[in-house]
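Protein chains in written order, with my numbering: chain A, 1 to 584; chain B, 1001 to 1372; chain C, 2001 to 2383. Cβ coordinates follow ideal geometry from the N, Cα and C atoms, glycine included. First comes the structure, then the notes that go with it.
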Amino acid sequence: MTAPRHGVAIQAREVSKRFARGKTDVVTALDQVSFEAQHGSLTALVGPDGAGKTTLLRLATGLLRADAGTLTVLGLDVATHPQEIQNRISYMPQRFGLYEDLSVQENLDLYADLHGVTAQERAGRYPRLMEMTALAPFRDRLAGKLSGGMKQKLGLACTLVRSPDLLLLDEPTVGVDPLSRRELWSIVAGLVENEGLSVLVSTSYMDEAERCSHVIVLHEGRTVALGPPQDLSARARGHSFIATASMQESARSLQARLMDMPEIIDAVPHSGHVRTVMREAHAASVPDVRFDPVEPDLEDGLMMLLRAQASVPPAAAAAIELASARPTSDSEIVIEVHDVVRKFGDFTAVNRTSFDVRRGEVFGLLGPNGAGKTTTFRMLCGLLPATSGTLRVAGADLRRARAEARQNVGYVAQKFSLYGDLSIRENLEFFAGAYGLRNSRLKARIDWALDNFDLRERESAAAGLLPGGFQRRLAMAAALLHEPQIVFLDEPTSGADPLARREFWRRITALADHGTTIVVTTHFMEEAEYCDRIMIQDAGRMLAIGTPEAVRAHAAEDGAPAQTMEDAFIAIVANARRQAQDAS
Amino acid sequence: MNAALHRIATLIRKELIAVLKDPRSRLVLFLPIFLQSLLFGYAATFDLNEVPYALLDRDRSQASRDFVARLDGTTVFNRVAILNNARDIDAAIGRKEAILVVQIPDDFERRIQSGQGATVQAITDGRNSNTAGISTAYLSAVVERFNADWSAAHGHAAVPLRVETRAWYNPNLETRWNMIPSLIAALSFLQTLMLTALSVAREREQGTFDQLLVTPLRPREIMIGKAVPPILIGLTQSTIILLVARFWFGIPFQGSLLTLYVGLLLFTTASVGVGLALSAYSATMQQAMLYTFVLLMPMMLLSGLTSAISNMPTAMQYLTLANPLRYAIEMVQRIYLEGAGFEWVYNDMWPLILIAVLTLPTASWLFRHRLV
Amino acid sequence: MTQPAATSRLADALSWRRLVALTRKESRQLVRDRSNLMVGLFLPLLLILIFGYGLSFDVKNAPLALVTEDTSPTAQDVLSGFYLSPYFSPVPLVSMSDALQLLRERRVDGIVYVRADFSRRLARGDATVQVLVNGVDANRARVIEAYAQGAIGSWAAKRASSGEPTLAPAITLESRQWFNEANNSRHFLVPGLIVLIMTLNGALLTSLVIAREWERGTLESLFVTPVHATEIVISKLVPYFMVGLAGLIMCLLSAKLLFFVPIRGSLLLIVFTSMLYLLVSLTTGLLISAATKNQFLASQIALIVGFLPALMLSGFIFDLRSVPAVVRGISHVLPATYYVEALQTLFLAGNVPGLLIRDCAVLAFAAAVLLVLTRVNIRKELA
């Protein structure tokens, strides 16, 4: 294709899109959005959940029609030339439509055929795609049998079977582990650099947006800022600090304390300290805390920008009301996993894993896609029997699926799995009833859930049609209705925007402070800093366990000292894989 | 116990909301059943109101004209063509203009007069041998009356040997009478089975089933909670058809409503058991649906709805013993038309109980043990 | 010369390579799910067996209670015909109340009752044999009545020929079935079976294929490629068409080799009409699938609008001459009605040009309309 590799790839002029919700209600997804995306560069689309990122991408593909304004893609009006545009672009939707009953190779071939890629071109292209995605050993595996990260990589490979004139990616790294995420980005960056590919990507990871040459910030359907990432970061210049507690205070509790202060816009645990953004351009004075100025990053800039929006509530609003703390000693062990093995056929998903979790602890399970986290989770929740070993949860052997033990456990699955056709209230009523709540207590707990999880305004909307943020809050609320002693959360922040992630952890911190035990998996390595202890798994084996500091230190012993949890994680996993390879 | 009942009630309520909330599925569950019972009530009949026939009268005598006048005097026989020779028979039937050709031989009058008796030939369209048989039966009734009147008119006091026929429970021998009560069981069976078969498979596919399994609900409770709503829906559908049968088609209800509903309850429970077991076994909705169908087709065909079970080969008759619909159709017909009480239909009831007792626990066992 | 221009534009729009790629993908998906093959190949086999051996409208070995209160040889003799008849399996009894009990319990289909004064009254020329049937299954009852009358009638005729001429009726009816001399219901059930199997493919398999892609989100990626909606439609038809043809071949072979149903018309015409109908049934399924975008609804609707009417309203089992005009009107809108007519004719009657041309024209028209509607319903847009 001899398309121009310079100039404007996408031009939006006051584009608006509305959706009818119910009979009378109309939601404005995009409100007079204007921007330009340049050829041969990476443009990021960021913004909270429901900001209109997906709608904008779908408009650019011609799958949706704008209600007003003009959208020009590759010099063609989308409204009049959708097919011409579709012939020239590649698009990776949030949920890439892989055919799960076709193999990796068959999926690739299908898209190559659809795009008219010749056998000659394939001979050059396939080996590179295979090398980039590391899918070569799995060519004949059915796509449905791949792990989440591998599926995303295959999806990307399918969109790259030829060099499109424009590549549109909708949150390509949701649910993808840090290793695969780095690989995916190096594939895309390489194509931009070497082939002058034009890319528009929506993402909720700010470190990804930071790698783009241009960032568009959407909020509630409007563009609130656009420009190079450095310009956005610069908005927080002078506001960013690293906070260090002088007392023996955990990063999590310091973060929660700072977050509740009106002078502070944002606080996130970071390598044992807390990264803080001040409302004013100087450090607030907090007893026993030292603030050191630091260079702002894109996330700091974005938080400045978003907290300035009238509709964004202050961080402290996410705190939840809880009954008084449970009167039990902190040392009590509530989860006991001893030498657990789980096999599927001759494949060992979890291999000889042992760990304990104490009451009130936040325990993080980290690992690449396919490491065995979800299998461990399912065993802990009594959904899957272990092949051998013992699991005790809340004092009962959950393998025998004792209903009494389940009474003490709350579970939030990875994928949204409440009843999509039931309303928020109906879902809550069902789970409350299923957990045996009745009458006034049932009513009180549902009111608690609606108020504390900010669900009241849409309580009668069908859960399946809600934006992702609502669904995640609803899922968590439903799992907490019966005030369980232990809560299991499987990737609760996947696909969540920075604001929602802050809210989530604020709630988790509050729960843990009140004696609720939390077991959580995540692909955001900085979130591991919220945990009291973490365990890193790969290929079913335990690689490291301990406090975040200990794990970072552990990684340092193995080679280069790890600054961030992400570096530590990658070092530990890569090292273990290397050793496994050497051994075999 | 009390807590368990409460949990089950919560699940039942949720299931009912999930099925009935969407106006489209409400429509799909109750409107078609009403329309179908009307439509099939009219269509599912072996009776003929009209027999288009062609006449090939080789005699053209007074006697043959008398006979034809008899035919045309009925409301059923409708002469559509007069043929001149045997070659036309093929065309008249082949093109479906007539389903019956009445051929009167050239010696018709002579033979009757002489007391030897004549033969009238009826040629029917065997493409539907059923219709063919019925039209012949109608014709033979006309012949019978002609004979009686003939002998009376010609001095024979009466026919020396008469066959007197009477049909019990359905004096006018209307197919509709047997067909529509059968639909009370058959039509609701279809949708109830499909609905149940999808219920667990849908939750599995959407991931909500795990969420259900981590609640204190025991598999037995889930089973009951999942079974009751389709049973209620099935009984509602049956009631719709019952009302159509009684009040639209005016088929007199001879039995007791109590017996009928006890029977229907057992039947719906058994079919829901089959559906749930299938659903618990299936990994996806598609599988659940297709497996249901593979089971449903033979069940419908081997239920006695369209073709009598006693006509089947022995091996197939044994197969029908596992078919809940077989018992239900016989039971409903007997209660509805024959006014049978419990003492007459208990033989149809206990197999239904047996099917339910086997399938429901299987389903509940599969909930936890079938990992997909 | 506008024709070639138009053709080449279409050829531009549709690409062989894409079509082949999509069709290959559909075929693989079809073959990899066992449940598809169950419905596509196993179910037809099962139906062939059921229709061939299980279903029958012919009355054979109907249990019949024979009650004689008259012990005279004449009275015994009048019932002798029932013992020889293949239609009945007689249960001799002496008490009417026993017989009624059996009738109530459905252990007999009917009762033939010869009263104590039978031979005395026969001598007077005024005898009656009573035939009592369970009328619940009206059709069966009527046939049993007729056979019972026949058995008694032939006894009378035999008696008449041996010296009592007054007993001869003025007219005896001799009936013959054109196209189905053996009066074998299998002969009309087997063509009906083919209709059923051809309908199944559409009602079940294709009704899910587009809805499934909507639910799984695969269409979103597929749409943003050079692919044409028309190519999607065609690629979804081809593999299921093949499965349908396989079903047809199984049916034709079993009709010929297992059930000995005559094929009097042209085999080629049978295959041709079946292909037309297959297209109709597959596009019906696709249309439902494209319009609902939801597997649950699609399956229920396919069952209600696609399958049941083809079974009940097409004239395959029930004759439509006697139904009210509205119902008949509906049946005349159903393509299955024309296919049933064409098949029954082709199998048993032969090539009847007038009838077949009309049937094929209706089927072709229906297929065209449904194809256009399906195509219109698959727009490359998210609602």
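Does the Cβ of residue i have 16 or more other Cβ atoms within 10 Å, making it buried, or fewer, making it exposed?
i: threonine 2068 of chain C; result: buried
i: aspartate 422 of chain A; result: Correcting the residue identity first, residue 422 of chain A is leucine in this sequence and not aspartate. Flag for leucine 422 of chain A reads buried.
i: leucine 2257 of chain C; result: exposed
i: glutamate 1097 of chain B; result: exposed
i: alanine 2123 of chain C; result: exposed
i: tyrosine 2083 of chain C; result: exposed
i: methionine 1297 of chain B; result: buried
i: tryptophan 1350 of chain B; result: exposed
i: alanine 1157 of chain B; result: Note that alanine 1157 of chain B scores a pLDDT of 44, beneath 50, so its modelled location is shaky; the value from the coordinates is reported in the next line. Alanine 1157 of chain B comes out exposed.
i: leucine 2313 of chain C; result: buried
i: arginine 139 of chain A; result: exposed
Alpha helix (DSSP H) containing residue i: first to last residue?
i: proline 48 of chain A; result: Looking at the DSSP string, proline 48 of chain A is not in any alpha helix (DSSP H), and its letter there is neither H nor E.
i: lysine 343 of chain A; result: No alpha helix (DSSP H) holds lysine 343 of chain A; the beta strand (DSSP E) holding it covers 333 to 344.
i: isoleucine 216 of chain A; result: Premise fails: isoleucine 216 of chain A lies in the beta strand (DSSP E), 214 to 219, not in any alpha helix (DSSP H).
i: valine 27 of chain A; result: Premise fails: valine 27 of chain A lies in the beta strand (DSSP E), 25 to 38, not in any alpha helix (DSSP H).
i: glutamine 1116 of chain B; result: Glutamine 1116 of chain B -> no alpha helix (DSSP H), and no H or E assigned at all.
i: isoleucine 1335 of chain B; result: 1324 to 1338
i: aspartate 109 of chain A; result: 104 to 114
i: serine 1064 of chain B; result: 1062 to 1073
With a threshold of 8 Å on Cβ separation, who are the neighbours of residue i within its own chain once the five nearest residues in sequence on each side are excluded?
i: proline 2165 of chain C; result: A caution first: proline 2165 of chain C carries a pLDDT of 47, below 50, which makes its placement in the model too unreliable to give a value.
i: glutamate 2231 of chain C; result: Leu2014, Ser2015, Arg2018, Leu2019 and Leu2022
Ignore the nearest five residues each way along the sequence and tell me which others in residue i's own chain have a CB closer than 7 Å to its CB.
i: aspartate 1057 of chain B; result: Ser1064, Val1068 and Ile1104
i: glycine 7 of chain A; result: His39
Please list, in chain order, the chain C residues whose beta carbon lies closer than 9 Å to that of residue i.
i: valine 1294 of chain B; result: Ser2035, Met2038, Val2039, Phe2042, Leu2043 and Leu2046
i: proline 93 of chain A; result: Gly2217, Glu2220, Ser2221 and Val2224
i: aspartate 140 of chain A; result: What aspartate 140 of chain A touches in chain C: nothing, since even the nearest Cβ is about 13 Å away.
How would you list, in chain order, the residues of chain B whose beta-carbon sits under 8 Å from the beta-carbon of residue i?
i: glycine 2354 of chain C; result: Arg1095
i: glycine 175 of chain A; result: Residues of chain B passing the Cβ test: none, with the nearest at roughly 14 Å.
i: tyrosine 411 of chain A; result: Asp1210, Gln1211 and Val1214
i: phenylalanine 2259 of chain C; result: Per Cβ cutoff of 8 Å: no residues; phenylalanine 2259 of chain C is ~14 Å from chain B at best.
So residue i and residue j are in contact, right, with Cβ under 8 Å, and what is the actual spacing, rounded?
i: arginine 1176 of chain B; j: phenylalanine 1249 of chain B; result: 6 Å
i: valine 2233 of chain C; j: arginine 2028 of chain C; result: No, valine 2233 of chain C and arginine 2028 of chain C are not in contact; Cβ-Cβ is about 18 Å, not under 8 Å.
i: glutamine 152 of chain A; j: proline 172 of chain A; result: 6 Å
i: proline 2262 of chain C; j: leucine 2196 of chain C; result: Actually they are not in contact, since the Cβ atoms of proline 2262 of chain C and leucine 2196 of chain C sit about 20 Å apart, beyond 8 Å.
i: isoleucine 518 of chain A; j: leucine 489 of chain A; result: 7 Å
i: phenylalanine 2259 of chain C; j: glycine 2052 of chain C; result: 5 Å
Name, please, each residue of chain A whose Cβ falls closer than 8 Å to the Cβ of residue i.
i: proline 1216 of chain B; result: Ala403, Glu404, Arg406, Gln407, Ala434, Tyr435 and Gly436
i: isoleucine 1233 of chain B; result: Near isoleucine 1233 of chain B there are no residues of chain A at all, since even the closest Cβ is about 16 Å away, more than 8 Å.
Which two residues bound the contiguous beta strand (DSSP E) that contains residue i?
i: lysine 17 of chain A; result: 8 to 21
i: serine 240 of chain A; result: 240 to 245
Excluding the 5 residues flanking residue i on each side, which residues of the same chain have their C-beta closer than 6 Å to its C-beta?
i: glutamine 2300 of chain C; result: none
i: serine 1188 of chain B; result: Gly1234, Gln1237 and Ser1238
i: valine 73 of chain A; result: Ile10, Ala60 and Ile85
i: proline 2092 of chain C; result: Leu2066
i: threonine 2337 of chain C; result: Ser2314, Gly2315 and Ser2331
Starting from residue i, find everything on chain B with Cβ-Cβ shorter than 9 Å and list it in chain order.
i: methionine 2250 of chain C; result: Result: empty, since nearest Cβ-Cβ is about 15 Å, beyond 9 Å.
Whose Cβ in chain A lies nearer than 7 Å to the Cβ of residue i?
i: threonine 1208 of chain B; result: Ser417, Leu418 and Tyr419
Chain B partners of residue i, CB-CB under 7 Å?
i: valine 2143 of chain C; result: Gly1133
i: phenylalanine 430 of chain A; result: Thr1010 and Lys1014
i: cysteine 531 of chain A; result: Within 7 Å Cβ-Cβ: nothing; cysteine 531 of chain A doesn't reach chain B, min ~22 Å.
Determine the chain A residues that contact residue i at a beta-carbon separation under 9 Å, and present them in chain order.
i: arginine 1007 of chain B; result: Gly433, Ala434, Tyr435 and Gly436
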